[in-house]
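Inspection log for the structure reproduced underneath, given as structure tokens.
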Amino acid sequence: MDLTINNLEKCFYEASQKDKKYVGVKIQMAGFKKPEIIINENANFDKKFDYYKKAYNENLTLKTFDGIKIVGFTYGNSFEEIEKDLLG
């Protein structure tokens, strides 16, 4: 799946439709050796995606600073599922 704001929206939508507990987002930041993983809970899916849509451009780079970029996303029912998908 391409890393676009539309596909991030699909990820949140599918997670909600399948009643998954979490959406994980992997973020790369300039100057950091490793990316960070953000875990969003189901109850926050709508508001959190609204934030991402406002804050990130089509190619998932932060609008206010191009040194921050979403480089992966997935959904699951456990932190372990998210970790496996995003970190291998």
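So in the numbering used here, the last spot in the sequence shown is 179, and the numbers never skip. Glycine included, C-beta positions come from ideal geometry on N, C-alpha and C. Every value quoted in this text rests on a predicted model; they were computed, and no experiment measured them.
(message) Taking the beta carbon of residue 131 as the centre, do at least 16 other beta carbons fall within 10 Å, making it buried, or is it exposed?
(response) For this step, residue 131 is matched to residue 40 along the sequence shown. Buried: at least 16 other Cβ atoms inside 10 Å.
(request) With a 10 Å radius around its C-beta and 16 neighbouring C-beta atoms as the bar for buried, classify residue 146 as buried or exposed. (result) In the sequence shown, counting from the first residue as 1, residue 146 sits at position 55. Exposed, by the Cβ-count rule.
(request) Quick one: residues in its chain with C-beta nearer than 6 angstroms to the C-beta of residue 121, no 5 flanking neighbours on either side, listed in chain order? (result) In the sequence shown, counting from the first residue as 1, residue 121 sits at position 30. Within the same chain, residue 121 has close Cβ partners 158.
(request) Measure the Cβ-Cβ separation of residue 160 and residue 152 and say whether it is below 8 angstroms. (result) Within the sequence shown, the letter at position 69 stands for residue 160. Within the sequence shown, the letter at position 61 stands for residue 152. Going by C-beta atoms, residue 160 is nearer than 8 angstroms to residue 152.
(request) Within 10 angstroms of the Cβ of residue 179, are there 16 or more other Cβ atoms? Answer buried if so, exposed if not. (result) Along the sequence shown, one-based indexing puts residue 179 at 88. A residue is called buried once 16 or more other Cβ atoms fall within 10 Å of its Cβ, and residue 179, having fewer, is exposed.
(request) Measure from the alpha carbon of residue 129 to the alpha carbon of each residue in 162, 92, 148 and 93, then state which is nearest. (result) For the purposes of this step, residue 129 is taken as the residue at position 38 of the sequence shown. Minimum Cα distance to residue 129 is reached at 162.
(request) Determine the DSSP secondary structure at residue 156, reduced to helix, strand or coil. (result) Stepping through the sequence shown from its first residue, residue 156 is reached at position 65. Reduced to three states, the DSSP call for residue 156 is coil.
(message) If you follow the alpha helix (DSSP H) that residue 97 is in, where does it begin and where does it stop?
(response) Against the sequence shown, residue 97 aligns to sequence position 6. First-last of the alpha helix (DSSP H) with residue 97: 96 to 108.
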